[in-house]
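Each remark here refers to the structure printed beneath this line.
Residue numbers (my numbering): 469 to 1658.
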């Protein structure tokens, strides 16, 4: 009977406590530390809710209200009608995803009715329907590429969340369940399938009908009657425990001969009585020796881990002791289990350290025609195909983009395949790109859209992916591609890019490629047109505007005068003009920093100030007018003066403001001073007439750690060279300086920023004089600074910007990109200002604005679009500001018109939209088929029939050049156009050449797709597998050849295609040749437990030439009535991860999906020892816990 019509008694789960429920409700030891009791209680409550069942709306061919219930014993989801009839049953082990909230196609189909059928069911408004979408979820399940779906709608958001959480918990548990638990679940499903009367037992008659479904012929004679007696059956029927015991006898009967194989060879042990699965035992020390010496498992030295593994397979809990033994049946069960897998799970673990190489050093899991669900002519295109590929670990997916009626669409052009919207595909990629792997996804775009729809594509990509989309190189100066670790969570666009240079097409031109010649001529024509315009403009240079401008200095926070010329769409400006008598230059805004009465920022503010004044005045019979000045702890240029008067302390604000670039300080607005020093000096000589005061300032408590007056704010008594350089590099201007005291006595250092770097000059103090670089003498350090404020220091720069602590702190909080980014732009020698030119602003790269700013009525602001640098200027006369502004606006508008025309012409010639081109960073599609003259950012794409395979001299030479190319850049290999049936090609020759993106049709279940799945099962299924060292480094040699001996011994639970099979096994070594395969004999009429022993099934020796790129493939066939081989199951593994000894081969279907309990038993022997052949840290029990997400 098919699985989807299994019948069993609802509510049976409450009658039996199963191991699955205990697994869910009992955390592992390491989890128990992390998960609190309340969380575990919540998990238990959720599972119990699922077992009880919930009424929901079920969307199938029609909408039905059914009870949805989880049956724990069989780990199934049942849909039950109101009369307790089972409408449908799903195996939770087949669940791939439970997707929440967003409406899926089942919901969409009903929503499109616009209130007719859908509205009549729910009697809800559009708003209510939108709200109720939050209670909808869809289960995706199946064992093929295209998954089936079941859409459900709960009555409340709370119910929906419980089911989403619970189903995901159960899905994970089924993946991690141990083999004995899977067997119990499988047996319950078999029993329920024939228990039509819900009596929870199985009769002799029902058992006879069940055995063919279990893929075994009913034994002759009194076999069944004798087994019924042995299991102590009553009334000619078996309950579940008796049925389980009968299964043990049945599975053991035909395979007990296997036990004789362990009486010889390394670590032999004798099992004396093998009449029944319970008649003899394997002690713990015999089992440990078996693991150590036959299986080569180094972890088995730990007896506790051996004991843990044995306890998994011991059925009787009373025998789970500190000295356990396995019965013969339990030992065989272990041999066939996934816990004894041939695959070493350490190769399935991700290695973060290995993810730091350039992208070109990896094989990348890649898909071709990702949108298709079948052939290339008539099949359906689906967004779910993208979901499936991404969740299978694919990291390079293809988008064939064509013009749609209103927006771009994706389909196989000029065929009858259906179309899907580009926007929908991008959204679904955004949702699922990193569900399985956090490493970068490459979108390989096959472009067929016109320029208009390409621009739409670019905007969609930016809007949907946002920060995930890579639009700039991570390291612009790098010579290699970035690593997967560097690109985590990034979407990379592979597309054609408008080339900035045409050096890559010159070689093709020389070879006579006429198509390339035509394109090159177009590029030259465009370039020459604009080159002539530029040359003509230079020959007839027109000065659009010239004069004196006041340019804003973001460091000094004031305007300086500059001579400026506007020519060739550029603003040239001179050095600032210094005027001795100009009040703007006599800036005293920071003179107070060196005064002893200025205490700076006092910790504790007002309270500390009062303490200092009180201590000072009370000890000296304090005089009225004693004062100190302090700065706010939180705000810059907010000051207070604290006064002692009549035994009390008063605090007053000293106001500070800037007008036209000049600072003023005052207590009252009637009396303003150019500096705080001038204010204090005035009130020490004149009475303060403010707030009923009538006194003069007198003495003051000197500030702690006072720096003498000759050492200003630019002086540091304790600053290391590295700190000084850090301070100076924060100030984005040449001329920034400071002086610091060195550890040697009477020695100082002048540190100054010049040409964007920091230079240091020693100052020595001799006989009360300061000597700079043995060339200049000064009485005071202030004199030194004052001297070089007016003249160039060593002909380089002036001491312009004293780097005070206040300035450093301010520049810790500002965006340096806005501070004079044009400072170091290269100035042409033939500029209009000649040697007087300090810098230049390219107007064509700027946006312009004009508004009141910096206490000026009109200021022109230029913002560089590339580096976001700001240039601000004004004039003394407002009308002149507007004149400059209008000239600049005209320049920008003219330049924008020319740029638009240039871009339009370029796009028409290249057929590439600039917006799409700008999204291409590391994967620039190149149509060239040769592998010379390349850039590491390029990607060559070639069909599989162009990959060299022959071993002639020409092919070898071409292969060497491809391997060399692939060390630096990327190659994508795709199926040639003749494969209209979506068949795949052998990827091994391409992988052997180091080709990274070997794109296969994921929807086609063939042996080549199975090889791809095997390769990318390594490294945690991340989609990136590091290539062998010899492929990455030309100085490294290939590894030595190896020899491996394979013997197929037996099988269990082979697939049952509605009849009892006669199976045989074929073993192949890939890359494949006829000499590298062998077959077992045919085993008649038994797919449950066939055995292949004896001389007809001798071991086979394989010579492995390239162990890094070799695969072992097991294929199970049956012989049909015409003696033809019919595929049943397969398993494919990279040679490098295959273990030694008697191992289980877990079998999979065509799509590499797990087949429940289906396995082979094989013996593997490596004649040459491998360092990676045994696992050193993870026991076999850990292998069973690895989640195999497919």
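By construction, the Cβ of each residue, glycine as well, lies at the ideal position given by its N, Cα and C atoms.
{"query": "CB contact flag (residue 642, residue 708, <9 Å)", "result": "no"}
{"query": "Residue 865 and residue 885 closer than 9 Å at C-beta", "result": "no"}
{"query": "DSSP beta-bridge partners of residue 1431", "result": "None, per the DSSP bridge assignment."}
{"query": "Contact check, residue 1219 vs residue 1252, beta carbons under 9 Å", "result": "no"}
{"query": "Own chain residues within Cβ distance below 6 Å of residue 1452, not counting five before or after", "result": "1468, 1469, 1472, 1474, 1476, 1477"}
{"query": "CB of residue 1460 within 9 Å of CB of residue 1539, strictly", "result": "yes"}
{"query": "Option nearest residue 1165 by Cα separation, candidates 1141, 626, 1217, 1154", "result": "1154"}
{"query": "Every unbroken alpha helix (DSSP H) inside the segment 1309-1389 [4 residues or more]", "result": "1346-1378, 1382-1385"}
{"query": "Nearest-angstrom Cα separation, counted from residue 626 out to residue 632", "result": "10 Å"}
{"query": "Other residues of its chain near residue 1483: CB distance less than 7 Å, five sequence neighbours each side excluded", "result": "831, 1493, 1602"}
{"query": "Cα-Cα separation between residue 850 and residue 610, rounded to whole angstroms", "result": "17 Å"}
{"query": "Buried/exposed call for residue 520, threshold 16 Cβ in 10 Å", "result": "exposed"}
{"query": "Those runs of the alpha helix (DSSP H) which lie wholly inside the segment 697-735 and span at least 4 residues", "result": "708-721"}
{"query": "Through-space distance from residue 524 to residue 567, alpha-carbon basis", "result": "16 Å"}
{"query": "Every unbroken beta strand (DSSP E) within the segment 915-970, with a cutoff of 3 residues, ordered by chain", "result": "959-963"}
{"query": "Whole-angstrom distance between residue 847 and residue 961, CA atom to CA atom", "result": "26 Å"}
{"query": "Those runs of the beta strand (DSSP E) which lie wholly inside the segment 1144-1210 and span at least 3 residues", "result": "1204-1209"}
{"query": "Rounded straight-line distance, which links the Cα of residue 878 to that of residue 893", "result": "8 Å"}
{"query": "Exposure of residue 1208, with buried meaning 16 or more beta-carbon neighbours within 10 Å", "result": "buried"}
{"query": "Residue 1457, enclosing alpha helix (DSSP H) - first and last residue", "result": "1456-1460"}
{"query": "Inter-residue spacing [alpha-carbon to alpha-carbon] between residue 622 and residue 534", "result": "11 Å"}
{"query": "Length of the line joining the Cα atoms of residue 1191 and residue 1487", "result": "44 Å"}
{"query": "Per-residue DSSP class, three states only, for residue 1270", "result": "strand"}
{"query": "Per-residue burial, residue 1334 [other beta carbons within 10 Å of its own, 16 or more giving buried]", "result": "exposed"}
{"query": "Whole runs of the alpha helix (DSSP H) within the segment 799-870, excluding any shorter than 4 residues", "result": "851-859"}
{"query": "Cα-Cα separation between residue 784 and residue 652, rounded to whole angstroms", "result": "14 Å"}
{"query": "Contact between the segment 1422-1437 and the segment 1489-1508 (3+ Cβ pairs under 8 Å)", "result": "yes"}
{"query": "Selected residue, minimal CA-CA separation from residue 1135, among 1157, 1127, 1117", "result": "1157"}
{"query": "Exposed unless 16 or more other CB atoms sit within 10 angstroms - verdict on residue 753", "result": "exposed"}
{"query": "Rounded straight-line distance, which links the Cα of residue 1387 to that of residue 925", "result": "11 Å"}
{"query": "Outcome for residue 917 when other beta-carbon atoms lying within 10 angstroms are tallied against a minimum of 16", "result": "buried"}
{"query": "Coarse secondary structure for residue 1602, derived from DSSP in three states", "result": "strand"}
{"query": "Pairwise C-alpha distance: residue 1344 and residue 1327", "result": "11 Å"}
{"query": "Whole-angstrom C-beta distance between residue 1397 and residue 1410, which should lie under 8 Å", "result": "6 Å"}
{"query": "C-alpha distance - residue 1620 paired with residue 1481, whole-angstrom precision", "result": "7 Å"}
{"query": "Chain-order list of residues whose beta-carbon lies under 6 Å from that of residue 1066 (same chain, five-residue window excluded)", "result": "1060, 1097"}
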